[in-house]
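Each step along the sequence shown adds one to the number in the UniProt record's numbering, with nothing skipped, and position 284 is 284.
Note that the Cβ used here is the ideal one computed from N, Cα and C, for glycine as well.
All values derive from a computational prediction rather than experimental measurement.
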Amino acid sequence: MEEAAQNLGHGNKQLAERVASSTTRNLELTVEAVVEEYVGSMGWSQFLHVFLVSIAWVFDSQNTLVTIFSDAQPTSWRCINNSSSSLCMSSSSRGDVSSVCGLTPGTWEWVGGHESSIVAEWGLICDRRFLAAIPASLFFIGSLFGSAFFGCLADASLGRKRTVLLSCILSSATAFLTSLSPNIWIYALLRFANGFSRSGIGICCIVLATEVVGRKWRGPVSQYGFFFFTAGFFSLPLIAYPTRANWRNLYRIISLLPLSYSVLFFPFVSESPRWLLVRGRSKEALDVLKTFARRNGKTLPENLSLLNPSEPKEGGENEALTKTCTKESLWRTKWAAKRMITVMIAGFGVGFVYYGVQLNVENLNFNLYFSVGINALMEIPAIVFGTILLGLTSRRLLFSLSAFLAGISCLLCIIFAHGKHVKKAEKSSAGSWAQLIIEGIGFMAASIAFDVLYIYCVELFPTNVRNFALSQSRLSLMLGASIAPLLVAAGRLSPSLSFLIFGILSIFSGVVSLWLPETKNAPLYDSLKQQEEEEKHRAAGQGNILA
1 MEEAAQNLGH GNKQLAERVA SSTTRNLELT VEAVVEEYVG SMGWSQFLHV FLVSIAWVFD
61 SQNTLVTIFS DAQPTSWRCI NNSSSSLCMS SSSRGDVSSV CGLTPGTWEW VGGHESSIVA
121 EWGLICDRRF LAAIPASLFF IGSLFGSAFF GCLADASLGR KRTVLLSCIL SSATAFLTSL
181 SPNIWIYALL RFANGFSRSG IGICCIVLAT EVVGRKWRGP VSQYGFFFFT AGFFSLPLIA
241 YPTRANWRNL YRIISLLPLS YSVLFFPFVS ESPRWLLVRG RSKEALDVLK TFARRNGKTL
301 PENLSLLNPS EPKEGGENEA LTKTCTKESL WRTKWAAKRM ITVMIAGFGV GFVYYGVQLN
361 VENLNFNLYF SVGINALMEI PAIVFGTILL GLTSRRLLFS LSAFLAGISC LLCIIFAHGK
421 HVKKAEKSSA GSWAQLIIEG IGFMAASIAF DVLYIYCVEL FPTNVRNFAL SQSRLSLMLG
481 ASIAPLLVAA GRLSPSLSFL IFGILSIFSG VVSLWLPETK NAPLYDSLKQ QEEEEKHRAA
541 GQGNILA
């Protein structure tokens with residue numbers, strides 16, 4: 001009898017263990033569901049994470065836009081006191097840079113000194129003026145290659161966090177080396193290297209920030225990074241003005257910031273749990289989510305495990321990712337390839353206009369520092385309006401309307417582009433306020449379109465190719481940006497030409513974007529196959545409702 005009781009007790013114990021074991025395997029959720037239901041869409045821990053990640057945008061902005069000052073054409077020149085050149089002394093247009101082309105070297109000098117910019121130091125004027133556009137173009141070409149490299153690296157091996165860290169360190173090193181350039185060709189090569197290095201910041205920061213928040217917060221969070229981009233933009237005149245006598249000091253200062261950030265702040269940033277899960281590191285992904293939950297004052301269920309939709313049925317955990325950074329993953333998937341091409345065409349025009357308008361401020365009839373400050377300030381309402389409108393309207397409509405407004409504003413600037421008839425030294429007094437206001441509105445609209453394209457691309461593609469897709473989008477942005485400096489150089493002779501081309505390309509981008517699907521409130525998928533099936537199912541459901 002006792003033996004039967006013991007057997008019964010032992011059986012009950014085994015049954016309890018099986019039930020408990022069954023219970024522990026019971027709750028299997030995706031990262032998206034865990035964030036929405038248990039961690040919280042946007043708690044204190046995510047806010048701190050997004051804040052720390054977004055700081056890196058400051059360095060991205062500074063390294064990108066520093067050439068506005070370092071490569072600027074000086075505004076005025078003067079005859080050297082002991083010069084005996086009658087041509088120099090009789091010149092009636094000393095404020096017009098083109099008038100020095102016929103002067104004998106040594107009879108005149110730049111008012112700001114020969115080290116105020118690379119144009120002044122290396123004589124990039126007259127028949128050498130287009131050489132001044134080469135470093136900026138090579139910077140964006142470097143960004144083009146860097147976007148593909150870092151996007152692949154972030155998806156396949158290093159992850160989002162370590163890719164940002166590598167990009168910051170390389171940006172710091174190449175910026176400092178740029179300050180040591182002995183000639184225009186070494187300078188241009190180092191600008192290429194700097195453009196390549198900084199590419200990992202933008203494409204990874206936005207993904208690293210948006211992958212830890214709930215779907216309703218993805219739009220606003222994507223905009224937070226651009227606040228810091230704006231802060232970096234706005235800091236440039238404040239750094240450039242005290243260093244206006246020596247462009248090398250400007251590079252030395254901006255080289256210190258990303259290195260300090262990498263040492264002091266970045267260690268506190270967490271890796272993306274979505275990327276960890278897709279890489280088969282589910283325990284680490286769960287630990288990250290537990291940390292976020294704990295800091296938000298919440299706990300995850302003990303029986304929780306993470307569901308990986310991209311995990312293969314057979315083979316190793318990472319087998320599905322062996323082709324992540326090859327054309328087979330995205331370019332051989334028909335729907336994804338068509339979508340990517342559309343994004344890249346739209347991105348080319350937006351990148352051309354967004355960076356081109358910023359570099360083109362020297363062709364406005366205003367003081368350079370004042371014009372850059374105004375453009376930087378216009379980024380703030382662009383981010384505020386963009387954040388608000390992302391919650392109220394669709395991604396596609398917001399992007400296309402912003403691109404249209406930017407294009408129309410650029411075309412209107414042609415009416416006031418009388419800069420080539422105005423002496424450079426007289427810009428402050430002859431400046432057209434109407435032109436500056438319209439240009440500011442156009443830049444604000446281009447900024448909104450530029451910002452929206454990032455979050456749009458994040459939502460258009462799944463986790464296992466998201467960084468790669470974003471890198472391709474950024475590649476097209478940089479391709480457009482690489483051509484913009486050449487147009488800016490041409491704009492020194494004909495400002496109307498630059499505004500005309502900016503306007504046409506911006507409107508074209510807005511039209512192309514109308515072929516993209518809407519993604520507002522759509523979930524973030526983890527694999528191409530999952531996204532294709534879910535989108536087909538959702539489209540079929542909407543078709544049945546309409547029927």
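Item: Locate the alpha helix (DSSP H) running through S181, then write down its first and last residues.; Value: Where S181 is concerned, there is no enclosing alpha helix (DSSP H), given that its DSSP letter is neither H nor E.
Item: Pick helix, strand or coil for E211, following the three-state DSSP scheme.; Value: coil
Item: Excluding sequence positions up to five away, which residues of its chain have a Cβ less than 6 Å from the Cβ of D60?; Value: R198, I201, G202
Item: How long is the line joining the alpha carbons of T333 and L397, rounded to whole angstroms?; Value: 26 Å
Item: Are E379 and F234 close, meaning C-beta to C-beta below 9 Å?; Value: yes
Item: Just reading off the alpha helix (DSSP H) that C152 is part of, what are its end residues?; Value: 134-156
Item: Taking the straight line between their C-alpha atoms, what separation do you get for I441 and S409?; Value: 7 Å
Item: Just confirm the distance between the C-beta atoms of N303 and S282, as a whole number of angstroms; I'd bet it's less than 8 Å.; Value: At roughly 14 Å, the Cβ-Cβ gap does not stay under 8 Å, so N303 and S282 are not in contact.
Item: Nearest by alpha-carbon distance to G151: which of L475, A403, L436 is it?; Value: L475
Item: Residues in its own chain within less than 6 Å of T67 by CB, not counting five upstream and five downstream?; Value: A136
Item: Check whether the Cβ atoms of I184 and I134 lie closer than 9 Å to each other.; Value: yes
Item: Quick one: what does DSSP say L460 is sitting in, helix, strand or coil?; Value: helix
Item: DSSP on R78, reduced to helix/strand/coil?; Value: strand
Item: If you draw a straight line from the alpha carbon of A522 to that of L165, how long is it in whole angstroms?; Value: 30 Å
Item: Look at the Cβ atom of G214, then the Cβ atom of V35, and state whether they are nearer than 9 Å.; Value: yes
Item: Among the candidates A434, N367, L460, L453, whose CA atom is the shortest distance from the CA of S402?; Value: L453
Item: Pull up the distance between the alpha-carbon of T393 and that of A490, whole angstroms please.; Value: 38 Å
Item: Do the segment 236-256 and the segment 497-505 make contact, defined as three or more Cβ pairs closer than 8 Å?; Value: no
Item: Specify the secondary structure class of L304 as computed by DSSP and reduced to three states.; Value: strand
Item: For the structure I just gave you, are there three or more beta carbon pairs, one from the segment 45-64 and one from the segment 162-177, closer than 8 Å?; Value: yes
Item: Applying the criterion that 16 or more other CB atoms from any shown protein chain within 10 Å of the CB defines a buried residue, is T299 buried or exposed?; Value: exposed
Item: Where do the ends of the beta strand (DSSP E) carrying W335 lie?; Value: It is not in any beta strand (DSSP E) - W335 instead sits in the alpha helix (DSSP H) that spans 334-359.
Item: Should P273 be labelled buried (16 or more other beta-carbon atoms within 10 Å of its own) or exposed?; Value: buried
Item: Does L514 come out as helix, strand or coil in the three-state DSSP assignment?; Value: helix
Item: What are the residues that DSSP puts in a beta bridge with W122?; Value: BP columns for W122 are empty, so no partner.
Item: Where do the N-terminal and C-terminal ends of the beta strand (DSSP E) with L256 fall, by residue?; Value: Not the beta strand (DSSP E): L256 falls in the alpha helix (DSSP H), residues 247-264.
Item: Where does E533 sit, in a helix, a strand or coil, going by DSSP?; Value: helix
Item: What are the boundary residues of the beta strand (DSSP E) that includes E379?; Value: It is not in any beta strand (DSSP E) - E379 instead sits in the alpha helix (DSSP H) that spans 368-392.
Item: Thinking just about the alpha-carbon of each residue, which of L505, A120, T342 is nearest to the one in Q472?; Value: T342
Item: Taking a contact to mean a Cβ-Cβ separation below 9 Å, would you say G225 touches S143 in this structure?; Value: no
Item: E32 bridges to which residues according to DSSP?; Value: BP columns for E32 are empty, so no partner.
Item: Compare the Cα-Cα distances from V357 to each of S506, L257, S70, G297 and report the closest residue.; Value: S506
Item: Where does E284 fall in DSSP's three states?; Value: helix
Item: Using CA atoms only, rank isn't needed, just tell me which of D127, V31, A33, A231 is closest to R63.; Value: The sequence given here has Asn at residue 63, not Arg. It is A231.
Item: Run through DSSP, which three-state label would L475 get?; Value: helix
Item: Quick check: the Cα distance between H421 and G349, rounded to an integer number of angstroms?; Value: Any reading at H421 needs caution, since the residue's pLDDT is 44, under 50, leaving its predicted position unreliable; the model's value is listed next. Each residue's alpha carbon lies about 29 Å from the other.
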